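S.K.: Here you go, one structure.
Residue numbers (my numbering): 346 to 744.
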């Protein structure tokens, strides 16, 4: 049986990914070891925040289905699939490691998320130790790298400190230089050595960015919009002895497909009843379907130390969303919308209502066809747990 390695690089923009067209980073070591991986440059995330995206990875559900629509949401809906839980129940060796494990507080992924050392050498040795201990058992390993996340190595360690001040004062190039350095370090000194040490004839690999970065006045980093700057992410897929998926360079794929693809690789039954597809065997019809993304941003307030995100009194109405394919994107906030060209995000003026009709119908169909929207959350967080979640998000720069 094939083993599976899932690698998430937090806040990874498409234009800063190894092997990407016009990439702004140099990653020769990663490029060499991944040269036979399928690389998707038209992959979109399901959200622009860490917690919703990774919950979709584990459950196969869109944020409106699993219930984690923003960073401040605490519990997944009852009955949702847990990829890593399925592996454990079968007897597989499962390891989940994150450089920022507290970001997942309150989210039950089917296995505990352990702390991963942020130092490249120490972290690699930690993962190597887990691999040695796991032996030749069936293995599923998830790694979440945080060091490309804001503030990109700034000395004060604050999202709204030195890095934010550089953005406010127009020093975008300096911020981007720090970001490039952080991203290159992840690819070259963390990911590449691990891939070089693995038997890629035994291991399948899914490597992706969970969301991008904006660096704009209305969204300094991410988590507020569903613009392409935060939704377009790189995706790499390697399956041993596989002829490769049908999807080509012109096809739109989504991170919603990761659960279905991972379950198929691991020969697990799908328990999601979701909208994702197995990318290895996607048909033309599969790849032409509509996709969606959404974020419940809450209200952002900044002080000199933290980004504060608080839900509005009626937080269920605070939803930004888009429904899209390879041609257009219907970009909405609440029930207001505008139609845009997909790749330029330029508004469509001529025949907009007529052209938008199938996208509006697709949005309605997502909600009507989903089996999850009316399910309650797993054991709502207690007041103490909510306070703990807020403290942990605050420590990571979100609250």
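Ideal Cβ positions, reconstructed from N, Cα and C, are used throughout, including at glycine.
The structure presented is a predicted model; accordingly, all values stated were derived computationally and were not measured.
Which residues in the same chain have their Cβ closer than 6 angstroms to the Cβ of residue 358, if we skip the five residues on either side of it in sequence?
M.R.: So the list reads 557, 558, once near-sequence residues are dropped.
S.K.: Could you pull out every unbroken beta strand (DSSP E) segment of at least 3 residues lying fully inside the region 508-575, listed in chain order?
M.R.: Qualifying beta strand (DSSP E) stretches, in chain order: 548-554.
S.K.: Buried or exposed: residue 346, going by 16 or more other Cβ atoms within 10 Å of its Cβ?
M.R.: Classification for residue 346: exposed.
S.K.: Please say whether residue 552 and residue 586 have beta carbons closer to each other than 8 angstroms?
M.R.: In this structure, residue 552 does not lie closer than 8 angstroms to residue 586 by Cβ.
S.K.: In the region 663-695, which residue ranges form an unbroken alpha helix (DSSP H) of at least 4 residues, counting only runs that do not cross its ends?
M.R.: Fully enclosed alpha helix (DSSP H) runs of 4 or longer: not present.
S.K.: Can you tell me whether residue 629 is buried or exposed? The criterion is at least 16 other CB atoms within 10 Å of its CB, across all chains shown.
M.R.: It is exposed - the Cβ of residue 629 has fewer than 16 other Cβ atoms within 10 Å.
S.K.: Shortest alpha-carbon distance to residue 627 belongs to which of 614, 708, 596?
M.R.: It is 596.
S.K.: Got a sec? Which residues, its chain only, sit under 7 angstroms from residue 366 by beta carbon, not counting five neighbours each side?
M.R.: Hits under 7 angstroms: 386.
S.K.: Let's test the definition: count the other Cβ atoms within 10 Å of the Cβ of residue 712 and tell me whether it reaches 16, buried, or not, exposed.
M.R.: Burial call: exposed.
S.K.: How many Å lie between residue 673 and residue 466 at the Cα?
M.R.: Between residue 673 and residue 466, the C-alpha separation is close to 44 angstroms.
S.K.: Taking only the alpha-carbon atoms, compute the straight-line gap between residue 637 and residue 541 and give it to the nearest angstrom.
M.R.: One C-alpha to the other measures close to 35 angstroms.
S.K.: Who does residue 488 pair with in a DSSP beta bridge?
M.R.: Per DSSP, 352, 442.
S.K.: Going along the chain, which residues of its own chain have a beta-carbon closer than 6 angstroms to the beta-carbon of residue 616, five neighbours each way excluded?
M.R.: Only 426 meet the Cβ criterion.
S.K.: Can you give me the Cβ contacts of residue 547 inside the same chain, cut-off strictly under 8 angstroms, excluding the 5 residues immediately before and after it?
M.R.: The residues are 347, 348, 585.
S.K.: Tell me the DSSP bridge mates of residue 718?
M.R.: DSSP, once it has assigned bridges, lists no residue as partnering residue 718.
S.K.: Contact check, residue 455 vs residue 419 under 8 angstroms by CB: the rounded distance?
M.R.: The pair is not a contact, with the Cβ atoms about 17 angstroms apart (cut-off 8 angstroms).
S.K.: Distance check for residue 493 and residue 618, CA to CA, integer angstroms please.
M.R.: Those two C-alpha atoms are separated by around 33 angstroms.
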